[in-house]
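Each remark here refers to the structure printed beneath this line.
Numbering (full-length UniProt numbering), first residue to last: 1 to 418.
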């Protein structure tokens, strides 16, 4: 939640362009003219950021100064609307696109201040291609700077494993960028603006009427930047996620040169129960999923002792997996005891929600066909490393499974040499 609040604060700066002006001392007294300096400024019924918004006023609008208020607030009248705003959001001089564009190009200034100026310049002149390009460039600069901070402290640190596809023409494996883009774009969207700097990325995707931004990086499983041809998987780490309304001018700036929706017929794979509109887990449900062991092997029992019955390295397995958009599946079948994600025969169902009551986790499952149902997991239990799964809810008798990394569970091999 703190991560989302911090990221939304950044977006507020982008959307409202809360610039400051040094000219307040020169402004007219009561009845004099002042001009709106921010891209869009809220007028409130009281001098408080939590007070009711009585109107919105756009940049360069001429207003009348009514009176000063405590704590750097001022009451102004803009047309028929009157209310309070911060003094830093109004000024004696009418802002111009030329002056703001010069501020946005002042490289010694922090990127956030330059982004603020570019936003206001583009709002004043939305046909100015230079302002729009600078706005988009600075948007990415600010997000890459924030990514470096999030990685050190406060980031989500959500790690995902991505499998590389084999490409045919020419025959090779996907690059990290290609695999990352494929996974990011495995969702319905209007457009996607993406930048990669070395192995760091910022993804800005317009979908469902909002701008959705992910930041993070990718690397090989052994922590190297470069992916070798013989490596079939790599790791993606997402440090921040945000979803917010977006101003028309920022939408216009980012939309220029953006990637259109993929027309790839293999975008969704039916084998993994993928389809448009797949359920995205709630943040709390996703947290519960990540906290559970991802692999479970069915246990057999003889003379009170539990063991895993393996057939030539394969055992009845249940595996939980999730993708970059926090969508999850449960795959069940004959799984390899060593290699995660490797099954001989299996069935896949999509997880739509997870809840917890005490030591019982309840999964809502949507199969490829048929009605949605629940499946419950008791974890932990009185036996270390063992959980009880059932398909009919917490009250029914289930089957014991060992967590994939559980210690002290015997594996009994049954493999005939033929």
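Just so you know, even glycine gets a beta-carbon here, dropped at the ideal spot from N, CA and C.
These figures come from a predicted structure and were not determined experimentally.
For the segment 375-384 against the segment 273-284, are there 3 or more C-beta pairs whose distance is under 8 Å?
No, the segment 375-384 does not touch the segment 273-284.
CA-to-CA distance, residue 73 to residue 273, given in whole angstroms
For the purposes of this step, residue 273 is taken as the residue at position 273 of the chain shown. For the purposes of this step, residue 73 is taken as the residue at position 73 of the chain shown. If you draw a straight line from the Cα of residue 273 to the Cα of residue 73, it comes to about 55 Å.
6 Å CB neighbourhood of residue 143 in its chain, flanking five on each side removed
For this step, residue 143 is matched to residue 143 along the chain shown. If we look at residue 143 and ignore the five residues flanking it on each side, its Cβ neighbours are 202, 215.
Just mark residue 318 as buried or exposed, buried being the case when its beta carbon has 16 or more other beta carbons within 10 Å.
Here the question's residue 318 lines up with position 318 in the chain shown. Residue 318 is buried by the Cβ-count criterion.
Look at the alpha carbon of residue 355 and the alpha carbon of residue 275, and state the distance between them as a whole number of angstroms.
To locate residue 355, count along the chain shown from 1; it is residue 355. To locate residue 275, count along the chain shown from 1; it is residue 275. If you take the alpha carbons of residue 355 and residue 275, they lie about 24 Å apart.
Excluding five sequence neighbours on each side, which residues of the same chain lie with their C-beta closer than 7 Å to the C-beta of residue 359?
Translated into positions along the chain shown, residue 359 becomes position 359. Contacts found: 378, 379, 380.
Between the C-alpha atoms of residue 193 and residue 313, what's the straight-line distance to the nearest angstrom?
In the chain shown, the residue the question calls residue 193 occupies position 193. In the chain shown, the residue the question calls residue 313 occupies position 313. Residue 193 and residue 313: Cα-Cα distance of roughly 44 Å.
Pull up the CB-CB distance for residue 147 and residue 253, whole angstroms please, since I reckon it's below 8 Å.
If you number the chain shown from 1, residue 147 lands on position 147. If you number the chain shown from 1, residue 253 lands on position 253. Not a contact, Cβ separation roughly 20 Å.
Counted within 10 angstroms of its Cβ, other Cβ atoms place residue 414 as buried (16 or more) or exposed
Within the chain shown, residue 414 is the residue found at index 414, counting from 1. The residue in question, residue 414, is exposed, as its Cβ has fewer than 16 Cβ neighbours within 10 Å.
Residue 67 versus 46, 288, 316, 50, residue with shortest Cα-Cα distance:
Here residue 67 refers to the residue found at position 67 when the chain shown is read from its first residue. Ranking 46, 288, 316, 50 by Cα distance to residue 67 puts 46 first.
Residue 367 versus 106, 361, 347, residue with shortest Cα-Cα distance
Against the chain shown, residue 367 aligns to sequence position 367. Distances from the alpha-carbon of residue 367 to those of 106, 361, 347 put 347 closest.
So what does residue 402 bridge to, in DSSP terms?
Position 402 of the chain shown holds residue 402. Answer is 297, 386.
Please state whether the Cβ-Cβ distance between residue 115 and residue 41 is less than 7 Å.
One-based indexing of the chain shown puts residue 115 at position 115. One-based indexing of the chain shown puts residue 41 at position 41. No, the Cβ-Cβ distance between residue 115 and residue 41 is not below 7 Å.
Just mark residue 186 as buried or exposed, buried being the case when its beta carbon has 16 or more other beta carbons within 10 Å.
Stepping through the chain shown from its first residue, residue 186 is reached at position 186. That one is buried.
May I ask which residues mark the beginning and end of the beta strand (DSSP E) holding residue 255?
Against the chain shown, residue 255 aligns to sequence position 255. Run containing residue 255: none in the beta strand (DSSP E); it sits in the alpha helix (DSSP H), 248-255.
According to DSSP, residue 195 sits in a beta bridge with which residue or residues?
As a position in the chain shown, residue 195 is number 195, starting the count at 1. In the DSSP secondary-structure assignment, residue 195 is bridged to 202.
Can you check which of these residues, 322, 405, 204, 333, is closest to residue 242 by C-alpha distance?
Locating residue 242 in the chain shown gives position 242, counting from the first residue. When 322, 405, 204, 333 are compared, the shortest CA-CA separation from residue 242 is found for 204.
Name, in chain order, the residues that DSSP records as bridge partners for residue 334.
The residue given as residue 334 occupies position 334 in the chain shown. Paired residues: 316.
Where does residue 395 fall in DSSP's three states?
Indexing the chain shown from 1 puts residue 395 at position 395. Annotation note: pLDDT 48 at residue 395 (below 50); position unreliable, coordinate value reported separately. Collapsing the DSSP output to three states places residue 395 in coil.
Element boundaries [alpha helix (DSSP H), containing residue 123]:
As a first step, residue 123 is located in the chain shown; it is residue number 123 there, counting from the start. For residue 123, the enclosing alpha helix (DSSP H) covers residues 111-124.
Alpha carbon of residue 370 to alpha carbon of residue 349, nearest angstrom:
By one-based count along the chain shown, residue 370 stands at place 370. By one-based count along the chain shown, residue 349 stands at place 349. The straight-line gap separating the alpha-carbon atoms of residue 370 and residue 349 is approximately 11 Å.
Close Cβ partners of residue 196 (< 6 Å) along its chain, the five nearest in sequence each way excluded
Along the chain shown, one-based indexing puts residue 196 at 196. Apart from sequence neighbours up to five positions away, the residues of its chain that approach residue 196 with a beta-carbon distance below 6 Å are 177, ordered along the chain.
Suppose you measure from the CA of residue 231 to the CA of residue 220; what does that come to, to the nearest Å?
In the chain shown, the residue the question calls residue 231 occupies position 231. In the chain shown, the residue the question calls residue 220 occupies position 220. Cα atoms of residue 231 and residue 220: separation of roughly 8 Å, rounded to the nearest angstrom.
Is residue 25 helix, strand or coil by DSSP?
Taking the first residue of the chain shown as position 1, residue 25 is located at position 25. Any answer about residue 25 is weak, because its pLDDT of 38 lies below 50 and its placement is not dependable; what the coordinates show is given next. Helix at residue 25.
Does the distance from the CB of residue 117 to the CB of residue 131 come in under 7 Å?
Taking the first residue of the chain shown as position 1, residue 117 is located at position 117. Taking the first residue of the chain shown as position 1, residue 131 is located at position 131. No, the Cβ-Cβ distance between residue 117 and residue 131 is not below 7 Å.
With 16 other Cβ atoms within 10 Å as the buried cut-off, status of residue 291:
Along the chain shown, read from residue 1 onward, the residue named residue 291 stands at position 291. With fewer than 16 other Cβ atoms within 10 Å, it is exposed.
Cutting at 8 Å between CB atoms, please list the residues of its own chain near residue 94, excluding the five before and the five after it.
Taking the chain shown and counting its residues from 1, one reaches residue 94 at position 94. Only 35, 60, 62 meet the Cβ criterion.
Under three-state DSSP, which class holds residue 70?
Start at 1 with the first residue of the chain shown, and residue 70 comes out as number 70. Residue state for residue 70 is assigned as coil, using DSSP reduced to three classes.
Looking at C-beta atoms only, is the number of pairs between the segment 223-240 and the segment 96-107 that lie closer than 8 Å three or more?
As far as the Cβ criterion goes, the segment 223-240 does not touch the segment 96-107, which means the pair count is below three.
Following the continuous beta strand (DSSP E) through residue 347, name the residue where it begins and the one where it ends.
The residue given as residue 347 occupies position 347 in the chain shown. Counting along the chain, the beta strand (DSSP E) containing residue 347 begins and ends at 343-357.
Taking Cβ to Cβ, would you say residue 365 is nearer than 7 Å to residue 375?
Walking along the chain shown from the start, residue 365 turns up at place 365. Walking along the chain shown from the start, residue 375 turns up at place 375. Yes.
Enclosing beta strand (DSSP E) for residue 376 [first to last residue]:
Here residue 376 is taken as the residue at index 376 of the chain shown, counted from 1. Bounds of the beta strand (DSSP E) holding residue 376 are 373-378.
Taking residue 306 as the reference, which of 324, 402, 390 has the closest Cα?
As a working mapping, residue 306 is identified with position 306 in the chain shown. Nearest to residue 306 by C-alpha distance, out of 324, 402, 390, is 402.
Hey, would you say the C-beta of residue 369 is under 6 Å away from at least one heavy atom of the ligand GTP?
Ligands are entirely absent from the displayed structure, and the ligand GTP is therefore not among its contents.
Of the choices 406, 391, 405, whose alpha-carbon is the least far from that of residue 424?
No statement about residue 424 is possible, as the shown extent of the chain runs from 1 to 418 and does not include it.
Please state whether DSSP places residue 416 in a helix, a strand or coil.
Within the chain shown, the letter at position 416 stands for residue 416. The answer is coil: DSSP assigns residue 416 none of H, G, I, E or B.
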